[in-house]
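This report refers to the structure that appears directly beneath it.
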Amino acid sequence: MSQTYEGVRWTTADLELLPDNGNRYEIIDGELFVTRAPHWQHQKACTRIASALDDWSLSTRLGEVVTTPGVIFTDADNVIPDVVWISNHRLGILLDDEGHLTGAPELVVEVLSAGADNERRDKEVKLKLYASRGVQEYWIVDWRLQQIEVYRREKATLVLAVTLFASDEITSPLLPGFSCVVGRLFV
């Protein structure tokens with residue numbers, strides 16, 4: 003379940019004033035989004051995805067994967083994606099002294115939480131944000147349906163390239179040699 007506060011323009015500085023109560027606070031275009039801790043299966047899918055990407059990253063040494071990192075694009079765009087993968091080159095440039103990314107990782111993964119507001123945030127609001135900030139690939143994962151929508155950059159936007167189901171293999175031009183059966187991410 004998410005909650006939004008409309009009519010107020012929020013900034014990164016405002017986040018410091020919010021309580022540390024287990025909620026996730028994100029700002030997109032000055033709008034505050036508040037979500038509670040996600041479902042166990044949501045978290046499990048994040049762990050499986052991060053594990054598969056981490057195994058590949060450790061073997062190739064091309065980059066790093068992290069769950070729930072802070073990504074501060076601007077003072078009005080401050081989000082916490084479920085999983086990101088970033089190349090070593092970009093990581094060296096975009097990581098600030100407080101350990102937050104200050105620009106787009108190459109790959110962002112969001113696992114859907116139940117509810118129309120949550121789906122709208124991930125499928126519309128964050129898709130637009132990630133496209134405008136230069137994310138190269140965006141995976142929207144639905145653990146209930148055991149499917150992944152893969153969006154890839156075409157010119158200045160992210161376009162749906164493929165929808166993958168449990169028996170399909172996910173690969174990426176960003177991750178040479180990476181391959182994983184989609185269903186393995188939901189067991």
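Here the sequence shown stands for residues 3 to 189, where the numbers follow my numbering. Cβ atoms here follow ideal geometry from the backbone N, Cα and C, with glycine treated the same way. This structure is a prediction, so every number in the text was calculated from the model and none was measured.
If distances are taken between C-alpha atoms only, which option among the options comes closest to residue i?
i    : options                 : result
S181 : W58, L17 and G9         : W58
L177 : V67, E18, R122 and L103 : V67
G105 : D16, R63 and D77        : D77
P83  : S89, Y132, L97 and T62  : Y132
F35  : D79, F75, L166 and L96  : D79
Is the beta carbon of residue i within less than 7 Å of some heavy atom of the ligand MN?
i   : result
R92 : Judged by which ligands are present, the structure shown has none, so any question about the ligand MN falls away.
Output yes or no for whether 8 Å exceeds the beta carbon distance between residue i and residue j.
i    : j    : result
P107 : V127 : no
V111 : V152 : no
V239 : Q148 : No answer is possible for residue 239: it lies beyond the span of the chain, which begins at 3 and ends at 189.
V137 : L103 : no
L187 : R50  : yes
What does residue i pair with, by DSSP beta-bridge criteria?
i    : result
R26  : T37
I88  : E66
I74  : N80
V110 : V86 and Y140
I150 : V143 and L166
How many whole angstroms separate the CB atoms of residue i and residue j, which I take to be in contact at a CB cut-off of 8 Å?
i   : j   : result
G72 : L93 : G72 to L93, Cβ: 14 Å. No contact.
### Query
Can you give, in chain order, each stretch of the alpha helix (DSSP H) that sits fully within the region 38 to 62 and has at least 4 residues?
If we require 4 residues or more, the alpha helix (DSSP H) runs fully inside the region 38 to 62 come out as 42 to 62.
### Message
In chain order, what are the residue ranges of uninterrupted beta strand (DSSP E) at least 3 long that sit wholly in the region 154 to 179?
### Response
DSSP runs (the beta strand (DSSP E)) wholly in the region 154 to 179: 159 to 167.
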